[in-house]
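Here is the structure we will look at, set down as structure tokens.
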Amino acid sequence: MPESLEPALAGGVEAVYLMWPGLPVQPRVVESIARHAKRVVYLSADVPDLADDEPAVIFHQEIERLIGRSGLSWTFVRAIDFAGNLLAWADQVREGVVRWPYGQARRSLVHERDIADVAVRALTEDGHDGARYVVTGPEPLAHAELARIIGEELGVAVRWEELAPETAREQLTAAWGNAGFVESRLRAWESFTREPERVTDTVERVLGRPPRDFRSWVRDHAADFR
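Numbers 592 to 817, taken from this note's numbering, label the letters of the sequence shown in order.
In structure tokens form, the structure reads like this:
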């Protein structure tokens with residue numbers, strides 16, 4: 592547990608925004624928050640709820656369970672994949688061709704500012720206790736279409752080149768270092784070629800406005816692709 596956590600919480604902190612770094616789960620972190628604060632907003636992922644005795648599949652479920660048992664008031668902001676993950680394409684965009692698997696996988700990627708805005712509301716307003724907010728973008732767009740939109744907004748030609756799943760598995764495992772995670776991503780992307788990633792009305796309900804679309808995200812990050 593970070594040594595700085597206890598001093599940071601001591602002094603009248605009532606609400607905490609928790610974003611886990613993906614390291615092994617440390618129950619003491621949640622216990623420390625519960626000793627000092629009243630409410631926690633946790634940035635989670637779009638994961639299914641677990642029964643009390645059901646084993647966690649990924650760390651987000653384990654942390655949600657710890658928070659649920661802590662006595663804290665809580666809100667889970669379950670974000671669909673960040674649009675920001677597409678910054679992994681930046682070098683390829685500069686070369687004019689994106690090589691990636693499952694070009695027809697339709698994704699509802701979310702602008703990170705929408706995630707932040709929902710989290711701020713949950714952290715600073717009443718009425719969000721016990722909510723599990725699944726935050727998505729406004730529409731599902733295919734991988735190949737996402738690449739095309741990036742090119743249009745940048746004013747450059749960006750071509751899509753379909754990467755075989757076997758090749759992608761090898762390349763992504765080398766890049767990410769986690770074969771199990773790569774396999775889970777490939778399975779998800781394949782499923783989105785048959786049924787699009789879901790779209791929710793969470794942003795509209797919580798913020799009273801539609802979510803930012805993908806083109807606005809590209810404009811906000813144009814410099815990162817150039």
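Beta carbons: idealized from backbone N, C-alpha and C, even for Gly.
Note that this is a predicted model, so its numbers are computed, not measured.
{"Asked": "For L763, three-class secondary structure by DSSP", "Found": "helix"}
{"Asked": "Terminal residues of the alpha helix (DSSP H) in which T784 lies", "Found": "A770 to R785"}
{"Asked": "For I740 and V650, the rounded distance between their alpha carbons", "Found": "Here residue 650 is Phe; the residue named in the question, Val, does not match the sequence. Between F650 and I740, the C-alpha separation is close to 33 angstroms."}
{"Asked": "Cβ neighbour criterion (16 or more within 10 Å) applied to Q652", "Found": "buried"}
{"Asked": "Range covered by the alpha helix (DSSP H) that runs through L609", "Found": "No alpha helix (DSSP H) contains L609, which is instead part of the beta strand (DSSP E) from A606 to M610."}
{"Asked": "Cα-Cα separation, P821 to E781", "Found": "With the chain represented from 592 up to 817, any question about residue 821 goes unanswered, as that position is not in the structure."}
{"Asked": "Contact set for A765: own chain, Cβ-Cβ below 8 angstroms, skip 5 residues either direction", "Found": "none"}
{"Asked": "Inter-residue Cα distance where the pair is W665 and H812", "Found": "32 angstroms"}
{"Asked": "Member of F805, V709, E753 and A674 whose CA lies at the smallest distance from the CA of I797", "Found": "Checking the sequence, you will find Val at residue 797 rather than Ile. Residue V709 is the option with its Cα nearest to V797."}
{"Asked": "CB of V631 within 8 angstroms of CB of A670, strictly", "Found": "no"}
{"Asked": "Contact the region 681 to 691 vs the region 711 to 728: 3+ CB pairs below 8 angstroms", "Found": "no"}
{"Asked": "Where the beta strand (DSSP E) through S699 begins and ends", "Found": "No beta strand (DSSP E) contains S699, which DSSP labels as neither H nor E."}
{"Asked": "Where the beta strand (DSSP E) containing S664 begins and where it ends", "Found": "S664 to A670"}
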